[in-house]
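Structure first, then comments.
In mature numbering (1 follows the signal peptide of the UniProt record, and there is no 0), the protein residues as written are -28 to -1, 1 to 93.
Put into structure tokens, the structure is as follows:
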């Protein structure tokens, strides 16, 4: 057998498996930095409850984009949910305001934005 032969097989298998797992992670779920940037324009509303966002504003445009990405797959929805729950824990926003955000922007994310929600749905 040539160089590498059977001895190289575990390395090749490990590299292939790693690449497959990485591709699944990147394609299969939304990154929290993306979620954060999409809702950044909503920071005043989710902190203070005003001004209410309206369709066509940067806040709602971000929420609608988040909806479109989250609706793409169950993994994306779970990831978006987990990221939002992490943001809630970190920043302690106005709970009523953040829960109303998707409705004000005309979408349903497929989960309630609430610190007690189970994102494994």
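Virtual Cβ for every residue (Gly too), placed ideally from N, Cα, C.
| task | Quick one: residues in its chain with C-beta nearer than 7 Å to the C-beta of residue 30, no 5 flanking neighbours on either side, listed in chain order? | result | Taking the chain shown and counting its residues from 1, the one referred to as residue 30 is at position 58. So the list reads 13, once near-sequence residues are dropped.
| What is the C-beta distance between residue 47 and residue 1, in whole angstroms, given that I count them as a contact (C-beta under 8 Å)? | Stepping through the chain shown from its first residue, residue 47 is reached at position 75. Stepping through the chain shown from its first residue, residue 1 is reached at position 29. That pair is a contact at about 5 Å.
| task | Pull up the distance between the alpha-carbon of residue 59 and that of residue 87, whole angstroms please. | result | For the purposes of this step, residue 59 is identified with residue 87 of the chain shown, where counting begins at 1. For the purposes of this step, residue 87 is identified with residue 115 of the chain shown, where counting begins at 1. Approximately 10 Å between the Cα atoms of the pair.
| field | Nearest-angstrom Cα separation, counted from residue 69 out to residue 20 | value | Numbered from its first residue, the chain shown carries residue 20 at position 48. Numbered from its first residue, the chain shown carries residue 69 at position 97. Roughly 8 Å separates the two Cα atoms.
| field | Selection from 34, 93, 83 that minimises the alpha carbon distance to residue 8 | value | Here residue 8 is taken as the residue at index 36 of the chain shown, counted from 1. Looking at the Cα atoms, 34 is the closest of the given residues.
| query | Going by Cα to Cα distance, which pick from 5, 3, 56, 4 is closest to residue 74? | reply | The residue you call residue 74 lines up with position 102 of the chain shown. Here the closest residue by C-alpha is 56.
| request: Can you grab the Cα-Cα spacing for the pair residue 51 / residue 16, in whole Å? | output: Reading the chain shown from its first residue, position 79 is the one you call residue 51. Reading the chain shown from its first residue, position 44 is the one you call residue 16. Each residue's Cα considered, the two are about 24 Å apart.
| task | Classify residue 42 as buried or exposed, calling it buried when 16 or more other Cβ atoms lie within 10 Å of its own Cβ. | result | Mapped onto the chain shown, residue 42 falls at position 70. By the neighbour-count rule (16 or more Cβ atoms within 10 Å), residue 42 is buried.
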